[in-house]
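For reference, the structure is listed below as structure tokens.
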Amino acid sequence: MRVLLVDDEVRLVESVSRGLAADGINVDTAHNGVDGYWRACEGSYDVIVLDIMMPGMNGYAVCQKLRDNNVTTPILMLTAKEGEYDEADAFECGADDYLRKPFSHIVLVARLRSLVRRRSADSSQILTVGELALNLTQASCTRDNTPIELTRREFSLLEALMRRSPDVVPKHTLVNLVWGMDFDGDPNIVEVYVGYLRRKIDKSFGHKLLHTVRGVGYQLVEKR
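Numbering-wise (the working numbering), the sequence shown opens with residue 16 and increments by one.
See the structure below:
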């Protein structure tokens with residue numbers, strides 16, 4: 016396993032690196048967000064471990080920028096901050112797991128190995144609902160083998176719906192997942208983008224996959 020550890024606490028980085036090396040894990044390090052982002056883009060890692068509070072670029076920004084640039088490496092966020100909103104922010108920007116300081120070395124290693132196993136089990140990174148397929152690695156979409164061009168926002172919205180299919184997803188949940196928890200615009204933007212998706216993934220095909228459940232939210236499902 017090869018891990019990138021990004022944290023501005025030098026002593027912590029040195030201690031964690033020694034512990035991981037003793038467990039046979041290769042570790043590269045960076046002490047600020049800018050260097051961490053560069054290493055994450057240039058290197059090949061099984062897991063990226065990011066602190067949140069760092070100079071240059073905080074962990075949230077690094078994580079979001081990596082996801083925006085289609086870096087799919089699992090990300091574990093480390094932080095001394097507490098509270099469910101901090102944890103939610105980590106997941107909203109694309110993190111896969113979250114661990115508060117101080118943490119047990121045994122727990123850290125277990126989390127890292129779990130993320131690697133999870134990625135191996137889902138190495139194709141393809142979501143499907145019926146004949147609709149979303150390739151997260153290639154950032155591409157097809158229905159019945161027909162390519163569908165999506166904007167980044169449309170892609171994110173479709174991913175959120177597909178990951179939760181066949182559940183009905185409330186509008187406010189989609190706002191948080193796609194536009195972020197700090198979004199203060201009109202929540203009806205979701206309806207606009209659902210309309211865009213319908214024209215692209217449903218209009219030219221035999222039956223609808225994307226449905227409105229009045230008063231509740233939206234549902235992506237093969238059959239109703």
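Don't be surprised by glycine CBs; every beta carbon is placed ideally from N, CA and C. On a predicted model such as this, the values are computed, not experimentally measured, just so you know.
- If only complete runs of 4 or more residues are kept, the stretch 160-193 shows the alpha helix (DSSP H) at 167-179 and 186-189, in order along the chain.
- Residue range 25-37 is occupied by the alpha helix (DSSP H) that includes residue 30.
- Residue 150 is bridged by DSSP to 141 and 155.
- Note on geometry: alpha-carbon atoms of residue 124 and residue 35 lie some 7 angstroms from one another.
- Per the coordinates, the alpha-carbon of residue 227 lies some 44 angstroms from the alpha-carbon of residue 50.
- Residue 121 counts as exposed, since fewer than 16 other beta carbons sit within 10 angstroms of its beta carbon.
- In terms of Cβ geometry, residue 175 and residue 193 form a close pair [threshold 7 angstroms].
- Residue range 48-57 is occupied by the alpha helix (DSSP H) that includes residue 51.
- Secondary structure of residue 226 (DSSP, three-state): strand.
- Annotation for residue 22: 28 and 66 place their beta carbon closer than 6 angstroms to its own, counting only its chain and skipping 5 residues before and after.
- Fewer than three Cβ pairs drawn from the stretch 142-159 and the stretch 56-66 lie within less than 8 angstroms of each other, which leaves the two stretches out of contact.
- DSSP links residue 42 through a beta bridge to 18.
- Between residue 82 and residue 89, the alpha-carbon positions lie close to 10 angstroms from each other.
- Distance from the CA atom of residue 39 to the CA atom of residue 16, rounded to whole angstroms, is 8 angstroms.
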